[in-house]
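With the numbering used here, letter number 186 in the sequence shown gets 497, and the count goes up by one each step, no holes.
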Amino acid sequence: MASTTPQEPGLSAVPSYEEEQSQARFDALINQDSRVEPRDWMPEPYRKTLTRQVSQHAHSEIIGMQPEANWISRAPSLKRKSILMAKVQDEAGHGLYLYSAAETLGTSRDELNDQLLTGRAKYSSIFNYPARSWADMGAIGWLVDGAAIANQVPLCRASYGPYGRAMVRICKEESFHQRQGFEILLALSRGTAAQKKMAQDAINRFYEPSLMMFGPPDDQSPNSQQSMAWKIKRFSNDELRQRFVGMIAEQVKVLGMTLPDPELRFDEEKKQWIHKDLNWDEFMEVIKGNGPVNSQRLERRREAHREGAWVREAASAYAAKQAQSEVA
Ligand SMILES: [Fe+2]
Ligand SMILES: [Fe+2]
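Structure follows, in structure tokens:
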């Protein structure tokens with residue numbers, strides 16, 4: 312059976328007997344759709360890819376708290392406020408599970424955090440767009456969390472055990488997030504003309520960035536193939552985008568709103584959704600750090616980290632005291 316791991320150029324060509332055995336065991340786990348656990352041997356490129364993916368995912372959850380946290384104090388009722396607070400807290404929890412999963416691959420939480428704070432790590436580019444109105448809380452929940460679910464449900468079966476298990480719980484919470492977003496838009500869509508306009512404007516701004524959350528088209532996404540061979544990823548970027556666009560094309564009708572895409576239609580012959588060309592130049596610019604609020608998001612995170620120093624110190628002092636009393 313073919314090895315699932317590519318030969319890295321420049322590495323000594325002849326693997327040792329032990330290396331061959333380890334690789335064979337790893338390949339068997341992948342081919343049997345079984346799970347790779349932290350104690351198992353894994354090829355370095357697999358470990359590296361996963362560390363990058365899981366930590367970027369964790370960073371996205373943490374940075375993703377910001378656009379909505381900004382609206383907690385301005386939520387239009389006590390009920391909306393408590394729902395939004397619960398949602399933002401969920402995202403913090405998702406970040407924590409995912410940092411824990413990433414740590415099992417051998418990189419410390421401090422190092423991962425440092426990568427984020429120094430701008431070396433990426434996070435989902437959608438969070439570099441500002442949330443301008445209350446309706447954005449609806450559009451973010453419906454479209455951004457909706458795209459996250461489409462992306463993440465297949466990740467529940469990711470070949471790396473800790474990642475897949477973290478995703479199971481995360482997906483349950485994400486579906487609540489999507490519903491609460493949809494419900495905000497539904498309330499606005501039944502409101503005054505100004506409220507309807509606000510909802511439509513939010514949908515207009517988040518439609519295209521949410522479709523881009525699935526990443527570049529398949530023919531421009533060279534790493535996807537390898538991730539699929541390793542069974543980290545189960546569907547291609549375009550396949551996932553198709554599912555998502557089909558879902559929101561139906562749901563938007565319930566809202567009585569429209570998606571800002573005159574080309575959107577289902578092609579019966581090709582059995583696929585046709586949507587407008589997405590602005591990948593903008594996507595690349597946002598990824599490079601030139602999005603509308605990239606620097607604001609990172610600055611806020613650095614500030615939160617500085618403000619949390621006393622909590623980290625207190626927790627370490629408490630842990631040291633506990634360890635001492637156990638020895639005594
Ligand atoms: Fe989340
Ligand atoms: Fe969420």
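Just so you know, even glycine gets a beta-carbon here, dropped at the ideal spot from N, CA and C.
Inspect the beta-carbon positions of Gln367 and Lys433 and report whether they are closer than 9 Å.
yes
Any heavy atom of ligand 1 within a distance shorter than 8 Å of the CB on Ala631?
no
Three or more C-beta pairs under 8 Å: does that hold for the region 564 to 571 against the region 480 to 490?
no
Check whether the region 468 to 486 touches the region 504 to 524, counting contact only when three or more Cβ pairs, one atom from each stretch, lie closer than 8 Å.
no
Any non-hydrogen atom of ligand 1 closer than 8 Å to Ile481 Cβ
yes
Close beta carbons around Gly404, own chain, < 8 Å, minus the five adjacent residues each side:
Glu484
Quick one: residues in its chain with C-beta nearer than 6 Å to the C-beta of Ala461, no 5 flanking neighbours on either side, listed in chain order?
Leu551, Arg554, Phe555
First through last residue of the beta strand (DSSP E) which encompasses Ile481
That residue, Ile481, is in no beta strand (DSSP E); its alpha helix (DSSP H) goes 472 to 500.
From Asn648 to Pro520, what distance separates their C-alpha atoms?
Here the chain has residues from 312 to 639 only, and residue 648 is not among them.
Closer than 5 Å is what we want: which residues have a beta carbon that near any heavy atom of ligand 1? List them in chain order.
Glu372, Glu402, His405
Any heavy atom of ligand 2 within less than 5 Å of residue CB: hits in chain order:
Asp456, Glu485, His488
Let me know the secondary structure DSSP gives Gln583 once reduced to three states.
strand
With 16 as the cutoff for other CB atoms within 10 Å, does Phe577 come out buried or exposed?
exposed
Would you kindly check if the distance between the Cβ of Gly452 and the Cβ of Ile495 is under 9 Å?
yes
Go through its chain and collect everything with a Cβ distance to Tyr471's Cβ below 6 Å, but skip five positions before and after it.
Val347, Leu361
Grab me the residues of Lys398's own chain with a C-beta within less than 7 Å of its C-beta, minus the 5 sequence neighbours each way, in chain order.
Glu379, His488, Gln491
Whole-Å CB distance - Ile437 paired with Arg612, under 8 Å assumed:
Wrong, their Cβ atoms sit about 16 Å apart, outside the cutoff.
DSSP state of Arg554 mapped onto helix, strand, coil
helix
Within 10 angstroms of the Cβ of Leu390, are there 16 or more other Cβ atoms? Answer buried if so, exposed if not.
The question names Leu, but residue 390 is Lys in the sequence shown. So Lys390 ends up on the exposed side.
Under 8 Å: do the region 597 to 607 and the region 532 to 549 share three or more Cβ pairs, one atom per stretch?
no
Please tell me whether, using a cut-off of 8 Å, the distance from the CB of Gly430 to the nearest non-hydrogen atom of ligand 3 is below it.
Absent from the structure shown: ligand 3. Ligands present: ligand 1 and ligand 2.
C-alpha distance - Leu340 paired with Arg363, whole-angstrom precision
21 Å
Measuring only the C-alpha atoms, how far is Asp351 from Phe337?
8 Å
Cut-off 7 Å between Cβ atoms - residues of its own chain near Ala313, not counting five sequence neighbours on either side
Note that Ala313 has pLDDT 48, beneath the 50 cutoff, so the model's placement of it is unreliable and the number below is only indicative. So the list is empty, once near-sequence residues are dropped.
Cross-strand partners of Ala578 (DSSP beta bridge):
As written in the sequence, residue 578 is Asp, which differs from the Ala given in the question. Gln583, per the DSSP bridge assignment.
Unbroken alpha helix (DSSP H) run spanning Asp592, endpoints:
591 to 596
Measure the alpha-carbon distance for Glu330 versus Pro349 and round it to whole angstroms.
17 Å
Is Val563 helix, strand or coil when you go by DSSP?
helix
State the DSSP-derived secondary structure class of Val347, mapped to helix, strand or coil.
strand
Could you check the C-alpha separation between Gln531 and Phe525 for me, to the nearest Å?
12 Å
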